[in-house]
Amino acid sequence: MEKGSNRIAIVLGSRGRPMRLEAFIRSLRDLADDPHSYKVYVYIDEDDTPTIDYSNQLKETYEQLFFHVGPRIIMSDMVNKLYPHTNEDIIFLGGDDLVMRTKGWDSIIIEAYKEFEDKILLCYGKDGGERVHTQENFATHPIISKKWVEIQGYVTPPYFSCDYADTWLNDLANDLGRKRELPMYNEHMHWSLGKSSMDMTYFENRKRFEEDNVLKKYEDAKEERVAVFNKLKKALTC
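Quick note on numbering: the sequence shown equals residues 664 to 901 in the numbering used here.
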């Protein structure tokens with residue numbers, strides 16, 4: 664397979680969940696059609712010693728892994744710090760509370776992008792959390808192309824300590840008419856769905872949501888979002 668061509672970079676931050684992180688990585692490996700079709704990139708906080716230690720064990724068991732240890736930063740910027748290390752054409756925003764459930768998930772994603780010459784597309788699989796979103800067909804874990812990222816200037820806008828990075832991508836894709844649900848299930852094992860307990864990572868996430876007024880930050884960035892939309896729209900060729 665040509666280096667970078669039709670390959671998937673799965674980017675995510677992980678904190679305090681080494682076993683759940685492994686469950687996601689294992690599910691990706693076990694259900695992929697091609698073990699070389701993807702690579703997993705994980706941002707780990709430098710004060711998260713258990714996850715750092717466990718990542719060294721994961722490297723011995725699983726291929727296609729990259730770990731970046733750095734200072735604790737806001738959630739929406741972690742994937743941006745990982746992006747320069749990627750060499751794939753498709754960017755999948757993963758999570759350490761996901762489990763892939765669909766055989767051939769990699770082929771499903773790759774085939775979706777072959778249909779769009781300009782590669783401006785957001786696609787996603789159902790994750791079981793649809794009922795918690797007011798927006799219909801909301802992609803909690805969006806998949807976009809490297810071309811989308813290069814035009815936009817980042818994977819996700821580095822402003823949101825909790826949520827709204829996915830909202831940003833969803834709103835752009837909806838306005839562009841370039842959003843597609845794939846026949847793929849990546850199950851979100853979130854506490855709000857009754858699939859896990861409220862751990863410290865979730866607790867801190869909710870606390871930031873309440874304290875940081877991320878909705879206002881999203882609304883204040885409307886002008887920038889419109890500018891990104893115009894650049895993406897200009898790149899459409901079909």
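Quick reminder that beta carbons are idealized off the backbone N, C-alpha and C, glycines included.
All figures in this text were calculated on a predicted structure; none of them were measured in a lab.
Residue i - DSSP class collapsed to helix/strand/coil
| i | result |
| --- | --- |
| R843 | strand |
| M682 | helix |
| N849 | strand |
| H731 | strand |
| I707 | strand |
| Y746 | helix |
| S677 | strand |
Residue from the options whose Cα sits closest to the Cα of residue i
| i | options | result |
| --- | --- | --- |
| R843 | L784, H804, K897, T803 | L784 |
| G761 | F892, E850, V818, F730 | Reading off the sequence, residue 761 comes out as Leu, not Gly. Of the listed residues, the one whose Cα sits closest to L761 is E850. |
| I715 | H699, P698, P734 | P734 |
| W811 | D781, P713, I671, H731 | D781 |
| R683 | S718, L694, G816 | S718 |
Minimum Cβ-Cβ distance from residue i to chain C less than 8 Å
| i | result |
| --- | --- |
| W831 | You won't find chain C in this structure, because it holds only one protein chain. |
Chain-order list of residues whose beta-carbon lies under 8 Å from that of residue i (same chain, five-residue window excluded)
| i | result |
| --- | --- |
| R689 | Y725 |
| K666 | In this prediction, K666 has a pLDDT of 46, which is less than 50 and means its spatial position is unreliable; what the coordinates show is noted afterwards. Closer than 8 Å at the Cβ level, and outside the excluded window around K666, lie N750. |
| D790 | L761, T803, H804, Y848, N849, E850, H851 |
Same chain only: Cβ atoms within 6 Å of residue i, ignoring 5 sequence neighbours per side
| i | result |
| --- | --- |
| D875 | S824 |
| K880 | Y822 |
| R680 | D759 |
| D708 | R678, R735 |
Beta-carbon proximity check, residue i vs residue j, cutoff 8 Å
| i | j | result |
| --- | --- | --- |
| Y787 | H804 | yes |
| V818 | Y706 | no |
| L845 | I771 | yes |
Alpha-carbon to alpha-carbon, residue j and residue i
| i | j | result |
| --- | --- | --- |
| K894 | L832 | 14 Å |
| F778 | M847 | Reading off the sequence shown, one finds Glu at residue 778, where the question assumed Phe. Each residue's alpha carbon lies about 17 Å from the other. |
| V742 | L756 | 8 Å |
| Y822 | S739 | 7 Å |
| G767 | Y704 | 20 Å |
| F801 | N837 | 10 Å |
| S808 | R670 | 10 Å |
| D711 | R678 | 7 Å |
| P713 | K744 | 21 Å |
| L899 | F892 | 11 Å |
Close Cβ partners of residue i (< 7 Å) along its chain, the five nearest in sequence each way excluded
| i | result |
| --- | --- |
| R841 | I783, L784, L785 |
The ligand NAP heavy atom lying under 7 Å from the CB of residue i
| i | result |
| --- | --- |
| I715 | No copy of the ligand NAP occurs in the structure displayed, which carries no ligand at all. |
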